[in-house]
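*Asks:* Each residue of the sequence shown is one higher than the one before, starting from 71 at the first, in the working numbering. All residues carry an ideal CB built from backbone N, CA and C; glycine is no exception. If you're wondering where the values come from, they're calculated on a predicted model, not measured in any experiment. Below are the structure tokens for one structure; questions will follow.
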Amino acid sequence: MNRKYFFIINPISGGSSKTEIVNKISELMNENQIIFEIGWWKKDVTVKQLIEKGSQSNFDTFVAVGGDGTINHVAVEIKNTDKILGIVPFGSGNGFARHLGIKGHLSDYLNILLNGKVKKIDSGICNNKHFFMNIAGVGFDAHVSHLFARSNSRGMSNYARLSLIEGRTYNEQEYELEVDGKKMIESAFLISVANGSQWGNEFYIAPDAELNDGQLRCCILKKPPLMALPGLIRRFLTGEIAESKYYKDIPFKTLIIKRKSDGPVHFDGEPVLLDDTLNFSVNANSVNVICIE
């Protein structure tokens, strides 16, 4: 059966115009005589409304055109159904797409979309409400995500600028953890709860993460001294962060994090202010996604 593709475009993701993307999508779909529709995610048009519209017209594949946050908003509406998630990555880091092997240029993304394989993968949930496909986090990265969301500038350069500025003064926090029933106390610069392996731009926070293993990873990072930072960055980029003494990775099915106070938590890069106690769990085989063969 031929798929019907409903493209959901986030016009502000990545900070660039989407005119070329729309033209290329239309050209390729028409050339291959594929049924498709393009919808724009706007202030007055939600992703949920677009998916409801597509479902009423029997579209089976919903394509997120944007970054990890856009993928999140599309995936949460089709999880635990037979609908399929497609990805055309145009965010700041595109960590989730990169994990799936969706890399390169627009023509590569569209080729995978039309010829790739559909796989069932896991997702994560926090406090039975907040969904994520790639990575959630507390601590420094959530703090930066909170500032980034309030900034007028998008793109990786602004995110990196904020990280450098804030990293000088942001200190470790103490967390009480309960990992699959085992309690521990950790002092951490950040804690990432990972389904996918990387934040984006080949920056690996959980190099051993798999999307279909029925578990998530609790990745704990201590604040390194300034002189150790270049080596730590190199390990992130080469997927060797597990060898660092500042890093710990614990696989789990359920995780409780207790903080000293409420504060920001990010889900696929999008910050939310939550209470001090966070309950994470895995939702196995919950999303059908198109990825590279």
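Cutting at 7 Å between CB atoms, please list the residues of its own chain near Ile78, excluding the five before and the five after it.
*Replies:* The answer, listed in chain order, is Gly109, Trp111, Val117, Leu120, Phe132, Val133, Ala134, Val135 and Val144.
*Asks:* How would you call Asp138, buried or exposed, if buried means at least 16 neighbouring beta carbons within 10 angstroms?
*Replies:* Classification for Asp138: buried.
*Asks:* Tell me the residue span of the beta strand (DSSP E) that contains Ser96.
*Replies:* Looking at the DSSP string, Ser96 is not in any beta strand (DSSP E); the run it does join, the alpha helix (DSSP H), is Thr89 to Glu101.
*Asks:* Quick one: what's got a C-beta closer than 6 Å to Ile191's C-beta in the same chain, skipping five residues either side?
*Replies:* The answer, listed in chain order, is Leu281, Asn282, Val357 and Val359.
*Asks:* Label Leu296 either buried or exposed according to how many other C-beta atoms from any shown protein chain fall within 10 Å of its C-beta, with 16 as the threshold for buried.
*Replies:* Exposed is the call here.
*Asks:* Alpha carbon to alpha carbon, how far is Glu248 from Glu97?
*Replies:* Their backbone Cα atoms lie some 52 Å apart in a straight line.
*Asks:* If contact is defined by three or more beta carbon pairs under 8 Å, each pair taking one atom from either stretch, is the region 142-156 in contact with the region 310-320?
*Replies:* No, the region 310-320 does not touch the region 142-156.
*Asks:* Rounded C-beta distance between Ile275 and Cys288? I'm assuming under 8 Å.
*Replies:* Not really, about 11 Å apart at Cβ, beyond 8 Å.
*Asks:* In three-state terms, what does DSSP make of Ile235?
*Replies:* If DSSP states are grouped into helix, strand and coil, Ile235 belongs with the helices.
*Asks:* If distances are taken between C-alpha atoms only, which option among Glu310, Glu242 and Thr89 comes closest to Pro277?
*Replies:* Here the closest residue by C-alpha is Glu310.
*Asks:* How far does the beta strand (DSSP E) with Asp192 in it reach, from first residue to last?
*Replies:* Lys187 to Cys196 is the extent of the beta strand (DSSP E) around Asp192.
*Asks:* Between Arg231, Met254 and Thr324, which lies nearest to Gly39 when the distance is taken from Cα to Cα?
*Replies:* This structure leaves residue 39 out entirely; the chain is present only between 71 and 363.
*Asks:* Which of helix, strand or coil does DSSP assign to His336?
*Replies:* Note: His336 maps to strand in three-state DSSP.
*Asks:* With the cut-off set at 7 Å, would you say Leu50 and Val352 are in Cβ contact?
*Replies:* For residue 50 there is no data in the structure shown, the boundaries of the chain being 71 and 363.
*Asks:* Can you give, in chain order, each stretch of the beta strand (DSSP E) that sits fully within the region 140-214 and has at least 3 residues?
*Replies:* Those beta strand (DSSP E) runs which fall completely within the region 140-214 and span 3+ residues are 154-159, 187-196, 200-202 and 205-209.
*Asks:* For Ile255, which of Leu180, Glu242 and Ser162 has the nearest alpha-carbon?
*Replies:* Nearest C-alpha to Ile255: Glu242.
*Asks:* Do Ile327 and Leu302 have their C-beta atoms closer together than 7 Å?
*Replies:* No.
*Asks:* Which whole-angstrom value describes the C-beta separation of Tyr240 and Phe218, a residue pair presumed to lie in contact below a C-beta threshold of 8 Å?
*Replies:* Rounded, the Cβ-Cβ distance is 14 Å, inconsistent with contact.
*Asks:* For the beta strand (DSSP E) holding Val263, just list the boundary residues, first then last.
*Replies:* Residues Leu260 to Ala264.
*Asks:* Just curious, the alpha helix (DSSP H) that Val117 is in, first and last residue?
*Replies:* Taken as a continuous stretch (DSSP letters only), the alpha helix (DSSP H) holding Val117 covers Val117 to Gln126.
*Asks:* Helix, strand or coil: which one does DSSP assign to Phe129?
*Replies:* Coil.
*Asks:* In the DSSP assignment, find the unbroken beta strand (DSSP E) run with Leu296 in it and report its ends.
*Replies:* It is not in any beta strand (DSSP E) - Leu296 carries neither H nor E in the DSSP assignment.
*Asks:* Below 8 Å on the Cβ atoms is my contact criterion, and I expect Phe350 with Val214 to pass it. Report the Cβ-Cβ distance as a whole number of Å.
*Replies:* Actually they are not in contact, since the Cβ atoms of Phe350 and Val214 sit about 20 Å apart, beyond 8 Å.
*Asks:* Hey, how far is the Cα of Val188 from the Cα of Leu155?
*Replies:* Distance between the alpha carbons of Val188 and Leu155 is about 9 Å.
*Asks:* How many angstroms separate the CA atom of Gly124 from the CA atom of Gln103?
*Replies:* Between Gly124 and Gln103, the C-alpha separation is close to 18 Å.
*Asks:* Assuming the contact rule is C-beta atoms closer than 8 Å, Leu184 and Val158 should be a hit. Round their C-beta distance to whole Å, please.
*Replies:* Contact doesn't hold; Cβ gap of about 11 Å is too wide.
*Asks:* So what's Asp138 in DSSP terms, helix, strand or just coil?
*Replies:* Residue state, collapsed to three classes: helix.
*Asks:* Whole angstroms are fine: how far does the CA of Lys293 sit from the CA of Leu307?
*Replies:* Cα to Cα, Leu307 sits roughly 17 Å from Lys293.
*Asks:* Do you know how far the Cα of Pro81 is from the Cα of Val92?
*Replies:* Cα to Cα, Val92 sits roughly 11 Å from Pro81.
*Asks:* Check the C-beta distance from Phe201 over to Asn142 and give it rounded, since I have them as a contact under 8 Å.
*Replies:* At roughly 7 Å, the Cβ-Cβ gap stays under 8 Å, so Phe201 and Asn142 are in contact.
*Asks:* Classify Thr89: buried if its beta carbon has 16 or more other beta carbons within 10 angstroms, exposed otherwise.
*Replies:* Exposed.
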